[in-house]
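Structure first, commentary second.
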Amino acid sequence: MASAIEELKFRDPAKARALTEALAREVDALGRSPVSVMHVCGSHEQAIARFGLRASFPRSLDVIMGPGCPVCVTDTPEVDEAVALAAQGARVCTYGDMLRLPGTSKSLADAQADGGKVEVVYSVSQAAELARRRPAEQVVFFASGFETTAVATAALVLAGVPDNLSVLSSHKYVPAAMDVVSGMKETNIEGFIAAGHAATITGWGIFEPFARQTGTPVVVAGFEPLDVLAAIVELVRLIRLGRPEVVNCYPRCVSKEGNRPAQEKLWKVFQAVDGNWRGIARVPRGNLDLKPEWERVNARHRFAIDTAAVGGAERNLLADRCICGSIMSGLAKPDQCALFGKECRPETPVGACMVSSEGACKIWHVYGGHPNLQEVA
Amino acid sequence: MCLGVPGKVLTISDDGLSAMVDFFGVTRELRLDIVDEPVAPGDYVLNHVGFAIRRIPPDEVQETLALFDQILSEAGSGDLMAEDVRGEIASGKERSRG
């Protein structure tokens, strides 16, 4: 165990060791196995995998990545809408990870190869600039991301967008998905690690009703390896004490109230509606749709989107074997998928989780996700 | 994509709607529409998709920067965290020349 810690690149090895020992004591004191906790943030999985944190977790502790990748949970029909808009001649702008996300039969990358106008942007502002430069075109911003990213879309809509820009929203709302996953009996998640920067917007107070109602403690964690470790120690302690509370382990970026100006803008522009999350479930209030008063910038209102024209008659046999939904629900690990690293690779993704830098499969593929050094030792 | 990246505010635009921000040597323009509190030159902010989403409390800046320093300095191409951080830096508007 000690040698495993030394191999990890912690800024403060002594603190890392103390936290690792504390974690082992807490899990021991719980006296059962497995103890499953879930985080809902691709950046947390990146930190855990990149810094090899699982090597320092007790064997009976299972830290699972839930639906924490907004690209991965973007549903197939939403991709079809974007592909159809590109086929209908609109210029579709989107964040880079969305390009290869499979639709029913095509991704936006396929649409681009077919001659469609598809552009990668890093910010909704860049989509607006593009629209200003091309006033004769219809530019559609295919908006993905959780509330952290939706606030940017909202701010731009409120600030005013060019007439030829519209928004195709596939924004999602994380707290809603935590409700759904915690209700899945087969996963038996005993505690949640909330996404640090989503909580920057919403504030940690938003998780208090969730913790009370589900009896599940929640910790808010940062992205330093030590932040993640410290938060997990706290979470297991709360589980051991039977205290369904919310503890903020990331005070430097998260307050109880969150970012009020951003929340106001978010809810001025968006409303939470029921929506399908790819492979997981229909999530009550899980999708962020433009409110009716913004229909003039809503691509679903501006265009008659013909997804039937891009829907596949051909059945994708590989996709039938993809278990992304089970992975994002915490029912399976990436390396339990028969396609993982074989037919499904970052260059040729079959499932959504291999597409995005925040997808569990891509993260495990790149960083080797599950180094269980204890089994080697 | 939700990682964000911290940067130091260099200047604020006359209308107060945007700021020039230094990210580890790269200067980009960020929008200030949704930052949680007023910012001034010298402050650090967290950038997500071209917008400042948080003014980082001054006494916590160093701790926040350390992770990003580490990721950017030791990561080769293909590192997912480093790519996400570089993507966040690229989300700011490039400084207009001339």
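Chains as they are written, first to last, in our numbering: chain F, 343 to 719; chain X, 11 to 108.
From the three backbone atoms N, C-alpha and C, an ideal C-beta is built for every residue, glycine too.
With respect to the beta strand (DSSP E) encompassing Ala62(X), which residues constitute its N-terminal and C-terminal limits? Phe61 to Ile66
Contact set between the segment 602 to 623 of chain F and chain X, restricted to residues whose Cβ is under 8 Å from the partner: Arg602, Pro603, Ala604 and Lys607
Could you give the DSSP three-state label for Gln430(F): helix, strand or coil? coil
Please confirm whether Val71(X) and Leu82(X) have their CB atoms less than 8 Å apart. no
Whole angstroms is fine: what's the gap from Asp354(F)'s alpha carbon to Leu372(F)'s? 27 Å
For Gly487(F), report the span of its beta strand (DSSP E) as first-last. Val481 to Gly487
Contact with chain F by Ala29(X), beta-carbon distance below 8 Å: no
Range covered by the alpha helix (DSSP H) that runs through Trp706(F): Ala702 to Tyr709
Please confirm whether Gly52(X) has its beta-carbon closer than 8 Å to some beta-carbon of chain F. no
Hey, how far is the Cα of Glu599(F) from the Cα of Thr542(F)? 9 Å
Less than 8 Å between the CB atoms is what I'm expecting for Asp13(X) and Glu98(X), so what's the real figure, rounded? It is Leu, not Asp, that sits at residue 13(X) in the sequence shown. Their Cβ separation, rounded to whole angstroms, is 7 Å, which keeps Leu13(X) and Glu98(X) in contact under 8 Å.
Check for me: the alpha helix (DSSP H) holding Asp79(X) runs from which residue to which? Val71 to Glu84
Neighbouring residues, chain X, relative to Arg594(F) (Cβ below 8 Å): Ile66, Pro67, Glu70, Glu73 and Thr74
Throw me the rounded Cβ distance for the Cys591(F) and His539(F) pair, which I believe falls under 8 Å. No, Cys591(F) and His539(F) are not in contact; Cβ-Cβ is about 14 Å, not under 8 Å.
Closer than 8 Å, CB to CB, is Arg392(F) near chain X or not? yes
What number of angstroms, rounded off, separates the C-alpha of Ile548(F) from the C-alpha of Ser467(F)? 29 Å
Cβ pair count under 8 Å reaching 3, the segment 21 to 36 of chain X against the segment 573 to 588 of chain F: no
I'd like to check one pair, Pro400(F) with Val382(F): are the Cβ atoms closer than 8 Å? no
Exposed or buried, what is Gly710(F) when buried is set at 16 or more other beta-carbons lying within 10 Å of its beta-carbon? exposed
Validate contact between the segment 555 to 574 of chain F and the segment 606 to 614 of chain F using beta carbons, cut 8 Å, 3 pairs: no
Let me know the secondary structure DSSP gives Pro688(F) once reduced to three states. coil
Let me know the secondary structure DSSP gives Phe565(F) once reduced to three states. coil
Drop a sphere of 10 angstroms on the beta-carbon of Ala344(F), count the other beta-carbons inside from all chains shown, and report buried for 16 or more, exposed for fewer. Here the model assigns Ala344(F) a pLDDT of 42, short of 50, so the residue's position is not dependable, and the following value carries that caveat. Ala344(F) comes out exposed.
Beta-bridge pairing of Ser508(F) - partner residues as DSSP gives them: Val482(F)
Can you say whether Thr720(F) is buried or exposed, counting buried as having 16 or more other CB atoms within 10 angstroms of its CB? Here chain F covers residues 343 to 719 and nothing more, so residue 720(F) does not appear.
Contact set between Phe61(X) and chain A, taken where Cβ atoms lie within less than 7 Å: Note that chain A does not occur in the displayed structure, where the protein chains are F and X.
I want to know whether the segment 451 to 459 of chain F touches the segment 413 to 430 of chain F - three or more CB-CB distances under 8 Å. yes
Local conformation of Glu550(F) per DSSP, three classes: helix
Determine whether the beta carbon atoms of Ala694(F) and Pro477(F) lie at a separation below 8 Å. no
Is Arg353(F) close to chain X? Criterion is C-beta to C-beta, closer than 8 Å. yes
Identify whether Val639(F) lies in helix, strand or coil by the three-state DSSP scheme. helix
Alpha carbon to alpha carbon, what distance is there between Asn629(F) and Leu517(F)? Reading the sequence as shown, one finds Pro at residue 517(F) and not Leu. Cα to Cα, Pro517(F) sits roughly 11 Å from Asn629(F).
In chain order, what residues of the same chain lie with their CB nearer than 8 Å to the CB of Leu472(F), ignoring the 5 residues before and after it? Arg433, Cys435, Glu461, Val463 and Val481
At a CB distance below 9 Å, what residues from the segment 80 to 98 of chain X approach chain F? Give them in sequence order. Gln80, Ile81, Glu84, Ala85, Gly88, Asp89, Leu90, Met91, Glu93, Asp94, Gly97 and Glu98
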